[in-house]
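Student:
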Amino acid sequence: MQRSVINVVLLWLMNNKLIYIAGPTCIGKTSLSIEIAKRLETEIISCDSRQFYKELKIGTSPPSREQLKEINHHFIHNKSIHDKYNVGMYEKDAINLINNLFKENEIIILVGGSGLYADSIMYGIDDFPEIPSNIRNKIISEYESGGLEVIQNKLKKLDTKYYKEVDLSNSARIIRALEIIEFTGNKFSSLRTNTQKNRIFQSHVIVVECEREKLYTRINNRVDKMIKEGLEKEVLSLKDFKELNTLNTVGYKEFFNYFDNKISYNDTINKIKQNTRNYAKRQITWLKKYKKSIKVYYKQEVDSIINELNQVI
């Protein structure tokens, strides 16, 4: 009797659907997610790990004030760059909120380009131990004194498997792996169980695609737009905090080098465009793992996308 009641409850809960709208940067995820959310009369959860920070108003291309008025968004400008926040903390916060939102909505929209943060919601991530500050500070000091290559080489020596998987330009991920290796004495890759956590919803992924050259044109145009909107001034106001991991971000780190006279102005703009294109390439590679996703064209009509979605949910 008890088991049948549990099964009925689980079946009822699984009527909840989380729709993740994924795609590389600049492809139009924000506007598409708003149009879909309006038609489905629901709310949006952001999983863009840089749009959390209220100081980053231009360089992270968050939804505009007008867009935020159209649909209720969560996890946009809810943190400061000075706050300690990571994917594990985000997972807990977002799942608590999503579970509450499902009391009023059968469908919720998840959108953003940070694949690891999206996966933490859909599948969960491994729980790792809290690292003593002396270990973390030691590794950060190694990074600050020796640069990215030093910690890259250290990771390659200690955990070749994870070295081959991680985004080697992401210092925060490398530092996180190294501190766990040092604290536990085990390889970071060996501690990743990849065990899917129980969720009260089913996840469906929509991947937005377009031709590579068109995407690159959109990226270049967006960077030009950011410059006109005052990106340089925004980054200058954050110059005193450039050592924060949250500011090791495309559009910010290049201007920090410009302010330090390490690069010319024109090269700064070109470097932002190039690094954004490279980021888009990595996102496209990540998205290939969603084998059962719905592939849609970036100019596809919203009603057509919803029709495709209805066929699988």
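Residue 0 is where the sequence shown starts when you use numbering that gives the first Met the number 0, and the numbers rise one by one after that. Glycine included, each C-beta is placed from N, C-alpha and C at the ideal position.
Helix, strand or coil: which one does DSSP assign to V249?
Tutor: Coil, per DSSP.
Student: What is the DSSP secondary structure of K315, counted as helix, strand or coil?
Tutor: In the structure as shown, the chain begins at 0 and stops at 312. Residue 315 is therefore absent and cannot be evaluated.
Student: Counting only runs that start and end within the region 70-109, where is the beta strand (DSSP E) found for 3 or more residues in a row?
Tutor: Entirely contained in the region 70-109, not one beta strand (DSSP E) run reaches 3 residues.
Student: Excluding five sequence neighbours on each side, which residues of the same chain lie with their C-beta closer than 6 Å to the C-beta of I138?
Tutor: Within the same chain, I138 has close Cβ partners I174, L177, E178.
Student: Look at the alpha carbon of L318 and the alpha carbon of I180, and state the distance between them as a whole number of angstroms.
Tutor: Summary: the structure shown does not reach residue 318, with the chain confined to residues 0 through 312, and so no result is reported for it.
Student: Curious, which full-length alpha helix (DSSP H) runs of at least 4 residues does the region 225-307 contain?
Tutor: Counting only runs of 4 or more, we get 230-235, 252-258, 264-286.
Student: Hey, how far is the Cα of N197 from the Cα of S48?
Tutor: Rounded to whole angstroms, N197 to S48 spans 23 Å at the Cα level.
Student: With 16 as the cutoff for other CB atoms within 10 Å, does Q310 come out buried or exposed?
Tutor: When all chains shown are included, Q310 counts as exposed.
Student: For a quick check, are the C-beta atoms of V110 and K28 less than 8 Å apart?
Tutor: The answer is yes: Cβ separation under 8 Å.
Student: Tell me, please, whether the region 133-153 touches the region 219-235 by the rule of three or more beta-carbon pairs shorter than 8 Å.
Tutor: Contact between the region 133-153 and the region 219-235 is absent, because fewer than three Cβ pairs lie under 8 Å.
Student: Compare the C-alpha of S168 against each of A93, L243, N274 and name the closest.
Tutor: Comparing Cα-Cα distances from S168 to each of A93, L243, N274, the minimum goes to N274.
Student: Quick test of your reading: S45 and F74, contact by CB under 8 Å. State the CB separation rounded to the nearest angstrom.
Tutor: S45 to F74, Cβ: 4 Å. Contact.
Student: With DSSP run on the structure shown, which of helix, strand or coil describes N6?
Tutor: Annotation note: pLDDT 46 at N6 (below 50); position unreliable, coordinate value reported separately. Here N6 sits in helix by DSSP.
Student: Helix, strand or coil: how does DSSP classify E129 here?
Tutor: Residue state, collapsed to three classes: coil.
Student: By how many angstroms is the C-alpha of I18 removed from the C-alpha of S79?
Tutor: Their backbone Cα atoms lie some 27 Å apart in a straight line.
Student: Between the Cα of G58 and those of I70, L237, I108, F200, spot the shortest distance and give me the residue it belongs to.
Tutor: The candidate whose alpha carbon is nearest that of G58 is L237.
Student: What are the partner residues of S48, as DSSP defines its beta bridges?
Tutor: BP columns for S48 are empty, so no partner.
Student: Taking only the alpha-carbon atoms, compute the straight-line gap between D158 and I150 and give it to the nearest angstrom.
Tutor: Cα to Cα, D158 sits roughly 12 Å from I150.
Student: Going by DSSP in three states, V311 sits in which element: helix, strand or coil?
Tutor: In the structure shown, V311 sits in a helix (DSSP, three-state: H, G or I).
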